[in-house]
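Worksheet: the structure to be examined is printed underneath.
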Amino acid sequence: MKYILILMADGCEEIEALAPVDVLRRAHMNVQTVACSGSSGIITGSHNIAITCDQLVNDALKKIESGILPDAVVCPGGMIGSQNLAKNSVVTKILLAMHKAHKIIAANCAAPVIVFAKLGLLKKKNYTCYPGMQNNFEQYAPNADVGMSDAGIYKDAPAVVDGNMLTGHGPGASFVFSLKLLELLSDRQTAEKLKDGMVIMEGLV
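The sequence shown begins at 15 in the numbering used here and counts up one residue at a time.
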């Protein structure tokens, strides 16, 4: 069974956080929500929705350090949520371990620039993000390990895959993003079947 972590911090965009949970659990995958803020296991999203997570981020890292790596890790967007993920050293360790192991790392909306760029993960990669942020790395990721000359190639698309990295451009792309992640973890037929079962109309994704 595929094993996926959804990293959630206070201020995350709730649709972006929960859409992949819903889609991947419908596909019978082991999706674990991870609280990356506080110690209660409950995070509060950008629209003041409380989400009770399955585990704390420190416990997720311990499992990875023991040699059990997820098949994918997802960073939802939301400006404040992305900033909270970016400044969390445990989240950084998880993402770098996953990238080093060539496992799937995924980020939506603000997270590609605020979280991934800080770690240099966008270098020479095709990616998307919340429109406009690609032109303002200095504002949104001032301490990023990347210069504009090698910040990657921005694509104006709902979701973009490049190697082991998946990026999305916002809450409205959450189903496209989640179905693309499902396709990467399984196959296109599985993603299409689930899309039909969820009555997602053609043209919406």
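For each residue, glycine too, the CB sits at the ideal point set by N, CA and C. Bear in mind that the values here come from a model prediction, so they are computed numbers and not experimental data.
- Distance check between Tyr144 and each of Lys137, Leu110, Val129 places Val129 closest, using alpha-carbon atoms only.
- A Cβ-Cβ separation of about 7 Å places Ala31 in contact with Ile65 under the 8 Å criterion.
- When only Cα atoms are considered, Leu208 and Tyr154 end up about 35 Å apart.
- A Cβ-Cβ separation of about 19 Å leaves Ile78 out of contact with Leu198 under the 8 Å criterion.
- Between Ser96 and Leu70, the C-beta gap is not smaller than 8 Å, which leaves the two residues out of contact.
- Straight-line measurement puts the Cα of Thr204 at about 28 Å from the Cα of Leu136.
- Relative to Ala111, the option among Gly91, Ala74, His183 whose CA is nearest is Ala74.
- Boundaries of the alpha helix (DSSP H) around Thr106: 103-114.
- Distance from the Cα of Gly146 is smallest, within the candidate group Lys139, Gly134, Lys138, Pro126, for Pro126.
- Separation of Pro156 and Pro90 (C-alpha to C-alpha, rounded to the nearest whole angstrom) is 20 Å.
- For Ile94, there is no enclosing beta strand (DSSP E); the residue is part of the alpha helix (DSSP H) that begins and ends at 93-100.
- Beta bridge pairing from DSSP links Ile20 with Thr47, Val88.
- A Cβ-Cβ separation of about 6 Å places Ser60 in contact with Ile94 under the 8 Å criterion.
- Val175 carries a strand assignment under DSSP once its states are collapsed to helix, strand and coil.
- The beta carbon of Asn178 sits closer than 6 Å to the beta carbons of His116, Ile118 from its chain, once the five residues preceding and following it are set aside; these are given in chain order.
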